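Heads up: the structure comes next, in structure tokens.
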């Protein structure tokens, strides 16, 4: 039953673009508010909560994982199952029954989302007659399946005969988006990117390719005149609110199709649920025993959080969280968060406005407070600020923390990260010193190179870091560049090659 199942909504995430995760959070919030699933969790490849950790934060025995990706391919078929431990090479590290869904972007209902997005751009619910629709996918010559979802949706939209013309165009394979007007006879066009989130591609590359502007950073008009045609341009289709309905449909279909789940059920369902709850109960007890001199208040430090437990007159407990540096500030001097979601959104940026892709980075912003919380909201807030830290802390207390050392983590990397294990030992130590000490990260490092210890301070944090995070793996690539292993950074190198191709260098 869907009501007895936890939903994990998975996104790509980004070390550089804070907006990459926004659709995942927005759709998860909407689905959570509908109260259709026992739990709703978010997870990412390049952000926290990480794919490697998310299942241990779920109390439910039955889980359905839905990738918020637009097409099948390398990430949905290799990276996500591997990191979630759903492949034959890896055993689940939790007692769960997990069903893994196809990506949201391949669901036939996404055609309705594309139409909805096309209506919103010109603010015309009847848009179609006399209008051409361009659906833009990424595409790649390396994987023909990358373009399949875009072409399938275009075929379905053509069959509806709503728009005069419907075309599938791509960034990285023919037919190219920068030839937009060559593919249409219509004088008015609507361009809808089949992307999950707004980022470099949808906000800079495609507008420049289409001809809306020569410099997207300075803005562009919508609509715009391009080669004598009136062109309307929308944002990424994945930001459309209707996508939440498609996520639910995809989850329901996956649960109903009868496929066997990936499972490692060592205990009965009730025992597993009690075990998951035990971590949270232990955490609340630890908070209450905070060693305060006050008779009713106890304050504990959790990373850069100060968490205060107050016993009320009726014997219940209420909680408050704030930055440790604001411990002595009056409430009216701080920005009060009415809901833990405000805290989640606020802590994604440091005091200087810089994006914090690493949740445990020692740059937690100051100047806010989330107060008068019950236990459920407190736990939710702590999970938002420091995902999976409670479960890892609890496992460590019980002597059950599973540590994955650097060499083991490096061995499972693929794609552009496949060779990170080749880094020299001295460079690895420098990377650890640059990323994993207290001044950089609030988690306490428990992993080493392999059997040999990395002689860099592990940190004094309350909660452990059980394996190198994705940000550290990316940092290792930078240190390899310094060693002369590779020539350019993955994302910058790709964008440079892409821009070169747009200017006439493609073959």
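In my numbering, the protein residues as written are 816 to 1322.
Even for Gly, the Cβ is constructed at its ideal location relative to N, Cα and C.
Remember, predicted model here, so these are calculated numbers, not experimental data.
Span separating the alpha-carbon of residue i from that of residue j
i, j, result
"residue 915", "residue 1259", "32 Å"
"residue 1143", "residue 1155", "21 Å"
"residue 980", "residue 946", "7 Å"
"residue 1066", "residue 1230", "28 Å"
"residue 1224", "residue 1287", "11 Å"
"residue 1035", "residue 1029", "9 Å"
"residue 1239", "residue 1009", "41 Å"
"residue 1038", "residue 1048", "7 Å"
"residue 1108", "residue 1160", "Its pLDDT being 47, under 50, residue 1108 is placed unreliably in this model, and the value from its coordinates should be taken loosely. Computed Cα separation, rounded: 33 Å."
"residue 963", "residue 954", "9 Å"
"residue 1204", "residue 1278", "6 Å"
"residue 1116", "residue 1053", "38 Å"
"residue 835", "residue 866", "16 Å"
"residue 1201", "residue 1172", "12 Å"
"residue 948", "residue 884", "22 Å"
"residue 1245", "residue 1271", "9 Å"
"residue 988", "residue 1253", "45 Å"
"residue 1050", "residue 1158", "26 Å"
"residue 1166", "residue 1214", "37 Å"
"residue 1006", "residue 1196", "39 Å"
"residue 1300", "residue 1243", "Here residue 1300 scores only 49 on pLDDT, less than 50, and its place in the model is too uncertain to base an answer on."
"residue 829", "residue 1226", "22 Å"
Helix, strand or coil at residue i [DSSP, three-state]
i, result
"residue 820", "strand"
"residue 1211", "helix"
"residue 999", "coil"
"residue 941", "coil"
"residue 1204", "helix"
"residue 1035", "coil"
"residue 1301", "Reliability fails at residue 1301, whose pLDDT of 47 lies under 50, so the model's placement of it is uncertain and no value is given."
"residue 1242", "helix"
"residue 1250", "helix"
"residue 1046", "strand"
"residue 832", "coil"
"residue 955", "coil"
"residue 892", "helix"
"residue 1171", "coil"
"residue 1040", "strand"
"residue 1057", "coil"
"residue 865", "strand"
"residue 1257", "coil"
"residue 856", "strand"
"residue 1176", "strand"
Cβ separation of residue i and residue j, assumed to be a contact under 8 Å, to the nearest whole Å
i, j, result
"residue 839", "residue 860", "Their Cβ separation, rounded to whole angstroms, is 11 Å, which puts residue 839 and residue 860 out of contact at 8 Å."
"residue 1057", "residue 934", "With 8 Å as the limit, residue 1057 and residue 934 do not qualify as a contact, their Cβ atoms being about 11 Å apart."
"residue 863", "residue 823", "No, residue 863 and residue 823 are not in contact; Cβ-Cβ is about 14 Å, not under 8 Å."
"residue 985", "residue 992", "7 Å"
"residue 818", "residue 851", "7 Å"
"residue 1045", "residue 976", "Rounded, the Cβ-Cβ distance is 22 Å, inconsistent with contact."
"residue 849", "residue 876", "Actually they do not touch by this definition, with Cβ atoms about 21 Å apart."
"residue 1113", "residue 1127", "Actually they do not touch by this definition, with Cβ atoms about 13 Å apart."
"residue 1103", "residue 1132", "7 Å"
Beta strand (DSSP E) segment containing residue i, residue limits
i, result
"residue 1219", "Note, residue 1219: premise wrong, no beta strand (DSSP E); not H, not E."
"residue 947", "946-952"
"residue 1136", "1132-1138"
"residue 914", "912-915"
Residue i: CB within 7 Å of a non-hydrogen atom of the ligand GTP
i, result
"residue 1075", "In terms of ligand content, the structure shown is empty, and the ligand GTP therefore cannot be addressed."
Distance CB(residue i)-CB(residue j) smaller than 8 Å
i, j, result
"residue 942", "residue 969", "no"
"residue 1265", "residue 1294", "no"
"residue 1257", "residue 1118", "yes"
"residue 1135", "residue 1186", "yes"
"residue 1262", "residue 1219", "yes"
"residue 919", "residue 1061", "yes"
"residue 900", "residue 910", "no"
"residue 958", "residue 1015", "no"
"residue 928", "residue 881", "no"
"residue 847", "residue 872", "no"
"residue 853", "residue 820", "yes"
"residue 1141", "residue 1175", "no"
"residue 1138", "residue 1194", "no"
The alpha helix (DSSP H) enclosing residue i, as first and last residue numbers
i, result
"residue 1125", "Per DSSP, residue 1125 belongs to no alpha helix (DSSP H); it is in the beta strand (DSSP E), 1120-1126."
"residue 930", "925-935"
"residue 1160", "1155-1161"
"residue 876", "Run containing residue 876: none; DSSP gives neither H nor E here."
"residue 963", "963-975"
"residue 840", "837-849"
"residue 898", "895-898"
"residue 1116", "That residue, residue 1116, is in no alpha helix (DSSP H); its beta strand (DSSP E) goes 1112-1117."
"residue 887", "Looking at the DSSP string, residue 887 is not in any alpha helix (DSSP H), and its letter there is neither H nor E."
"residue 1052", "No alpha helix (DSSP H) holds residue 1052; DSSP gives it neither H nor E."
"residue 1024", "1021-1025"
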